[in-house]
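Heads up, the sequence shown is in the numbering used here, so the first residue is 1 and it goes up one at a time.
Structure, as structure tokens:
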Amino acid sequence: MVTNIYEPEGKILKVVFERKKWPSCNSERLNIVRERKHEKFIQNQSDHEEKTRYECHMYKDKELDLDQDTMKKKYPVSRAELDETEEEKHKTIITELTAVKTAQEREDTMTDKFLVDIESLVARFKMELDKMQELVGSILKNLPQGDVGVDIRQSNITTAS
1 MVTNIYEPEG
11 KILKVVFERK
21 KWPSCNSERL
31 NIVRERKHEK
41 FIQNQSDHEE
51 KTRYECHMYK
61 DKELDLDQDT
71 MKKKYPVSRA
81 ELDETEEEKH
91 KTIITELTAV
101 KTAQEREDTM
111 TDKFLVDIES
121 LVARFKMELD
131 KMQELVGSIL
141 KNLPQGDVGV
151 DIRQSNITTA
161 S
């Protein structure tokens with residue numbers, strides 16, 4: 001860099017400023033110093049991050065403890081109400097389960113009764129059918145054979161059991 005300086009006599013002096021030359025970047029001593037500074041920086045940075053994480057965790061724990069304490073102090077009635085509502089829910093679930101069990105038992109008994117009724121109806125129908133067959137058979141036997149063109153073998157009704 002060149003700077004002009006004016007003297008009172010009118011002469012111009014030129015002053016040249018030169019940069020100071022730094023030692024070579026490749027020197028071992030400088031590299032060792034740089035590495036130490038870099039290691040210190042990394043160590044300080046990791047220590048700072050660890051400290052920050054620890055403080056954050058500690059503050060969160062304290063905050064949770066404080067929140068729980070304040071909730072216990074401020075809202076003991078609400079907690080009791082919550083416990084009651086949970087008990088009520090449990091009771092309603094139990095009553096619903098018992099209602100379902102009784103409904104299933106009632107359904108089973110109704111199904112059994114229905115099956116018994118159907119079996120008795122089938123037995124009664126079979127008895128009535130047998131009586132009808134006997135009646136039709138006796139009527140056909142009493143009819144004169146020559147006048148009516150009905151064969152007894154064709155009029156037999158068979159029942160499937």
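Glycine residues also receive a C-beta, built at the ideal position from the N, C-alpha and C atoms.
Cutoff 6 Å; reference residue i; Cβ partners in own chain excluding five residues on either side
i: V136; result: none
i: P46; result: Note that residue 46 corresponds to Ser in the displayed sequence, not to Pro. Excluding sequence neighbours, S46 sits near nothing in its chain.
Contact set for residue i: own chain, Cβ-Cβ below 7 Å, skip 5 residues either direction
i: H90; result: none
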